[in-house]
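Participant: Supplied in structure tokens, the structure appears directly below.
Residue numbers (my numbering): 30 to 218.
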């Protein structure tokens, strides 16, 4: 467990693990996942430019030559909940839509009409690494980021991510919905 300030983005341990990961699978309920946020969305969400900048710096791990294959599940409530105003949301939806076109970072929408599953209730992430490093799960609370290496806890997060995968739309359908919402927000600007 690592205590953090107002947000976990400043944790060196988190950034290092993300840079070393072979795969990252993550989910944050009710907000766009941190690794997919635009700087304006992050700033509006956190109210802090330094935290937003740290969050964007974390995303650099997704743009390196050896970047991890990344799947980020986005609950539809995060798409509909306005953070920072229509222009911020339009740009955020465009970012998600463009990410659907990449082969290594894929946001997938979990629709609001999907059957309820308790996998959507709490945040979490699962990172895998090249052997011999074992998989790592982590979850964020208001004051700490908890890292788990224990096999039974990692197995729980593997199950959680499989359940989210079963609920989520494929990338092409996710992209269509992100694009639709970008258009909706654009008309409000």
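Built from N, CA and C at the ideal position, the CB exists for glycine as well.
Count the other CB atoms within 10 Å of the CB of residue 54; is the residue buried (16 or more) or exposed (fewer)?
Facilitator: Within the chain shown, residue 54 is the residue found at index 25, counting from 1. So residue 54 counts as buried.
Participant: Kindly indicate the opening and closing residues of the beta strand (DSSP E) around residue 52.
Facilitator: Position 23 of the chain shown holds residue 52. Here the beta strand (DSSP E) through residue 52 covers 52-56.
Participant: For residue 157, which of helix, strand or coil comes out of DSSP?
Facilitator: Taking the chain shown and counting its residues from 1, one reaches residue 157 at position 128. Reduced to three states, the DSSP call for residue 157 is strand.
Participant: Please specify which runs of the alpha helix (DSSP H), each continuous and at least 4 residues long, are wholly inside the region 73-127, giving them in chain order.
Facilitator: As far as the region 73-127 is concerned, its whole alpha helix (DSSP H) runs of at least 4 residues are 78-87, 105-109.
Participant: Where does the unbroken beta strand (DSSP E) through residue 138 begin, and where does it stop?
Facilitator: Start at 1 with the first residue of the chain shown, and residue 138 comes out as number 109. Taken as a continuous stretch (DSSP letters only), the beta strand (DSSP E) holding residue 138 covers 134-139.
Participant: Pairing CB atoms from the region 195-214 with CB atoms from the region 86-97, are three or more of them under 8 angstroms?
Facilitator: Flag = no, the region 195-214 and the region 86-97 do not touch.
Participant: I'd like to check one pair, residue 206 with residue 138: are the Cβ atoms closer than 8 angstroms?
Facilitator: Mapped onto the chain shown, residue 138 falls at position 109. Mapped onto the chain shown, residue 206 falls at position 177. Their beta carbons are under 8 angstroms apart, which means residue 138 touches residue 206 by this criterion.
Participant: So residue 188 is in the alpha helix (DSSP H); what residue range does that whole segment cover?
Facilitator: Taking the chain shown and counting its residues from 1, the one referred to as residue 188 is at position 159. Start and end: 180-196.
Participant: Give me the Cα-Cα distance between residue 85 and residue 144, rounded to the nearest whole angstrom.
Facilitator: Reading the chain shown from its first residue, position 56 is the one you call residue 85. Reading the chain shown from its first residue, position 115 is the one you call residue 144. The straight-line gap from Cα to Cα measures roughly 33 angstroms.
Participant: Are the region 141-157 and the region 179-190 in contact at 8 angstroms, needing three or more beta carbon pairs?
Facilitator: Yes, the region 141-157 is in contact with the region 179-190.
Participant: To the nearest angstrom, how far is it from the Cα of residue 44 to the Cα of residue 141?
Facilitator: Residue 44 sits at position 15 when you count from the first residue of the chain shown. Residue 141 sits at position 112 when you count from the first residue of the chain shown. Looking at the two C-alpha atoms, the distance is approximately 31 angstroms.
Participant: Would you grab the beta carbon distance between residue 91 and residue 134 for me? Rounded to a whole angstrom, and I think it's under 8 angstroms.
Facilitator: Position 62 of the chain shown, counting from 1, holds the residue named residue 91. Position 105 of the chain shown, counting from 1, holds the residue named residue 134. Sure, about 5 angstroms apart at Cβ, within 8 angstroms.
Participant: If contacts are defined as beta-carbon pairs under 8 angstroms, then residue 72 and residue 81 qualify, I think. What distance do you get, rounded to the angstrom?
Facilitator: The residue you call residue 72 lines up with position 43 of the chain shown. The residue you call residue 81 lines up with position 52 of the chain shown. Right, their Cβ atoms sit about 4 angstroms apart.
Participant: Buried or exposed: where does residue 218 fall if 16 or more other Cβ atoms within 10 Å of its Cβ makes it buried?
Facilitator: Locating residue 218 in the chain shown gives position 189, where the first residue counts as 1. With fewer than 16 other Cβ atoms within 10 Å, it is exposed.
Participant: Using 8 angstroms as the threshold, is the C-beta distance between residue 208 and residue 51 below it?
Facilitator: Residue mapping note: residue 208 aligns to position 179 of the chain shown, counting from 1. Residue mapping note: residue 51 aligns to position 22 of the chain shown, counting from 1. Not a contact, by the Cβ cut-off of 8 angstroms.
Participant: Kindly indicate which residue of 103, 107, 102 has the alpha-carbon position closest to the one of residue 74.
Facilitator: What you label residue 74 is simply residue 45 of the chain shown in a count that begins at 1. Looking at the Cα atoms, 107 is the closest of the given residues.
Participant: Need the endpoints of the beta strand (DSSP E) that residue 165 sits in, please.
Facilitator: As a working mapping, residue 165 is identified with position 136 in the chain shown. Here the beta strand (DSSP E) through residue 165 covers 165-169.
Participant: Determine the extent of the alpha helix (DSSP H) in which residue 213 is found, giving its start and end residues.
Facilitator: Taking the first residue of the chain shown as position 1, residue 213 is located at position 184. Note, residue 213: alpha helix (DSSP H), 200-217.
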